[in-house]
Amino acid sequence: MHVFLDTQWPGSYCDTKRSCCYPKTGKPAADFSIHGLWPNYKDGSYPSNCDPDSVFDKSQISELLSSLQKSWPTLSCPSNDGISFWTHEWEKHGTCSESELDQREYFEAALKLKEKASILQALINAGIKPNDEFYHIEDVKNAIKEGVGFTPGIECNVDSSHNQQLYQVYLCVDTSGSEFIECPVFPRSKCGSRIQFPKF
-9 MHVFLDTQWP
1 GSYCDTKRSC
11 CYPKTGKPAA
21 DFSIHGLWPN
31 YKDGSYPSNC
41 DPDSVFDKSQ
51 ISELLSSLQK
61 SWPTLSCPSN
71 DGISFWTHEW
81 EKHGTCSESE
91 LDQREYFEAA
101 LKLKEKASIL
111 QALINAGIKP
121 NDEFYHIEDV
131 KNAIKEGVGF
141 TPGIECNVDS
151 SHNQQLYQVY
161 LCVDTSGSEF
171 IECPVFPRSK
181 CGSRIQFPKF
C-alpha cells in the first residue's frame, strides 16, 4: 500500500468548474493546495470509509485551522469554511491509513508533505510560471522531479476554450505519511504534450 498526496492548482479548478467560490476566509493564495491524502493499493484501487465510527471532530484540529485554511482551502460553492470538505476527506480516506494515523496526525501529515514538496517553487525555479502560457508536460514533470526528488503524476482539465491545463499533481508517500516515494502506479492522465498553466 502507498499514499497519494493529491494537490491541485486553483486557477485550473476555477476554469474547469462552471463556478468556484472563494472560501469565507477570502481568496486563497496562488499556490497548489491539498486535495487529499489517499491510501491506495498497488493495483490502483483504494479503500474508503474504513471506520464508520470515526467521525470528524473539529476540536481535534483547532490548532491546525489557520494552516488548513491556507494550504487545504475549499473552492466549492456556495462559499464555506472548509469543514465539510475536510470531514469528507477524513471519513472517506483518512480513516484508511494503514499506519492508523489519528485525525490530527492525518491532517498534520498532509500539511507537512505539502510544505516539503513545494511544487510551485520547483516549477518557478525551472521557469514554469502560472501566466497562461503553455509548457511541455515533460518539462513540468522534470521540474517537479528535480525539486521533490520523485516522479509526479499529472492530471489535466480542459477549459472552455479546449485548452488542456495543469490541474492536479500527485506524489506518492510511504504508509507512515512522512516520506515521498516513487509511485508504483498513477491515476490515468488525460494530458496532451503541451499544457497551459493558468493564472489565478
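If you're matching positions, the sequence shown starts at -9 in our numbering and goes up one per residue.
All C-beta atoms, glycine included, are put in the ideal place defined by N, C-alpha and C.
Note that the structure is predicted; figures quoted are calculated from it, not measured.
In the three-state reduction of the DSSP assignment, Asn132 falls in the helix class, which pools H, G and I.
When beta bridges are read from the DSSP output, Glu145 appears opposite Gln158.
As far as DSSP is concerned, Leu110 takes part in no beta bridge.
Taking every protein chain shown into account, the CB of Val130 has 16 or more other CB atoms within 10 angstroms, so this residue is buried.
In this structure, Pro63 keeps its C-beta atom at 7 Å or more from the C-beta atom of Pro29. Around the beta-carbon of Asp(-4), 16 or more other beta-carbon atoms lie within 10 Å, marking it buried. Note that the C-beta distance between Ala107 and Ala133 is not below 7 Å. If you draw a straight line from the Cα of Pro0 to the Cα of Leu27, it comes to about 17 Å. If one requires a minimum length of 4 residues, the alpha helix (DSSP H) runs lying completely within the stretch 59 to 99 are 73 to 82, in chain order. Taking 7 Å as the cut-off, the Cβ atoms of Gln186 and Gln(-2) do not count as close. Minimum Cα-Cα distance from Asn115 among the listed residues Tyr125, Gly137, Phe46 corresponds to Gly137. Excluding five sequence positions before and after Pro142, the CB atoms of its chain that fall closer than 7 Å to its own CB belong to Lys131, Ile134, Lys135, Val159, Tyr160, Leu161, given in chain order.
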